[in-house]
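Below is one structure; the comments refer to it alone.
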């Protein structure tokens, strides 16, 4: 199985790996990398089945975390700080729980270590409609997405992964749509049951997002006993986009803080 991951690196300093959300790519977190590159060597990864990275025969939190670990081995990184948003946050938690020695400090952006209900089925169905239509322009794909998805921010996020096919003029998704659709149930699962991760963890919640709820707090503390939760005001699920200064400031302060 080819686990090769595409990555871009900015800055100098302690290593920090950024993991994006479902249907995304490392470029989605480029603004975070630019904000932190003065203090860290920041690696923006494309997760498996996304962006320019290889596609896996079976997608799961375990196979994605293993791919990140293998990438770290290839880069001769024995350990690094990890920041993950949404699905990337679950992959980061999986890695911390299964390979704790590989993770310095952990930042989880708007995600909890729980099983989530179906949230993306409508998006998956719409993405498949776009693929089946064979759009000749980005505007055509945008119109199809907009008929179902009423959030322009989500539409714009998805369009970042649309590219012209190599053999014709039709647009196609850069991510492995069939593989992600098949794996959707597995990717909604909670991270593996393992010994708690004893390292320092920052959970960041968007005040307008329901992804981290009060009912999730006991599970967060059980799995990550040295964790803290910070709410980013006036931010939704894409909190690093909605409130970049607050988000980046919280991440920098947490990663640079001295710990006992």
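Residue numbers (the working numbering): 73 to 332.
Ideal placement from N, C-alpha and C gives every residue a C-beta, glycine not left out.
What does DSSP give as the partner residue(s) for residue i in the beta ladder?
{"i": "residue 207", "result": "Residue 207 pairs with nothing; no bridge assigned."}
{"i": "residue 177", "result": "Its beta-bridge partners do not exist; DSSP assigns none."}
{"i": "residue 323", "result": "In DSSP, residue 323 forms no bridge with anything."}
{"i": "residue 163", "result": "None, per the DSSP bridge assignment."}
{"i": "residue 234", "result": "245"}
{"i": "residue 113", "result": "87"}
At what residues does the alpha helix (DSSP H) containing residue i begin and finish?
{"i": "residue 293", "result": "289–295"}
{"i": "residue 106", "result": "102–108"}
{"i": "residue 300", "result": "First-last for residue 300: 299–304, but that is the beta strand (DSSP E), not the alpha helix (DSSP H)."}
{"i": "residue 136", "result": "133–146"}
{"i": "residue 312", "result": "311–314"}
Nearest CA to the CA of residue i: which residue from the options?
{"i": "residue 248", "options": "263, 315, 199", "result": "199"}
{"i": "residue 145", "options": "130, 171, 219", "result": "171"}
{"i": "residue 104", "options": "97, 117, 96, 90", "result": "90"}
{"i": "residue 261", "options": "77, 191, 118", "result": "191"}
{"i": "residue 263", "options": "126, 161, 93", "result": "161"}
{"i": "residue 295", "options": "135, 212, 266", "result": "266"}
{"i": "residue 275", "options": "76, 178, 135", "result": "178"}
Go to residue i, then tell me how far its beta strand (DSSP E) extends in each direction, as first and last residue.
{"i": "residue 87", "result": "87–91"}
{"i": "residue 257", "result": "Note, residue 257: premise wrong, no beta strand (DSSP E); alpha helix (DSSP H) at 249–259."}
{"i": "residue 81", "result": "79–82"}
{"i": "residue 152", "result": "152–157"}
{"i": "residue 275", "result": "273–278"}
Short of 6 Å in beta carbon distance, which residues of its chain neighbour residue i, apart from the five on each side in sequence? Order them along the chain.
{"i": "residue 112", "result": "83, 85, 86, 88"}
{"i": "residue 318", "result": "304"}
Who are the near neighbours of residue i in its chain, counting only those whose CB is closer than 7 Å to its CB and skipping five residues on each side?
{"i": "residue 73", "result": "Residue placement at residue 73 cannot be trusted, given a pLDDT of 41 that sits under 50; what the coordinates show is reported in the next sentence. Taken in chain order, the residues that qualify are 128, 129."}
{"i": "residue 210", "result": "231, 234, 243"}
{"i": "residue 119", "result": "91, 92, 125, 136, 160, 163"}
Given residue i, which residues of its chain have a CB within under 8 Å of its CB, disregarding the five upstream and five downstream residues?
{"i": "residue 175", "result": "151, 152, 153, 154, 164, 167, 168, 269, 271"}
{"i": "residue 216", "result": "198, 201, 202, 205, 207"}
{"i": "residue 324", "result": "107, 108, 111"}
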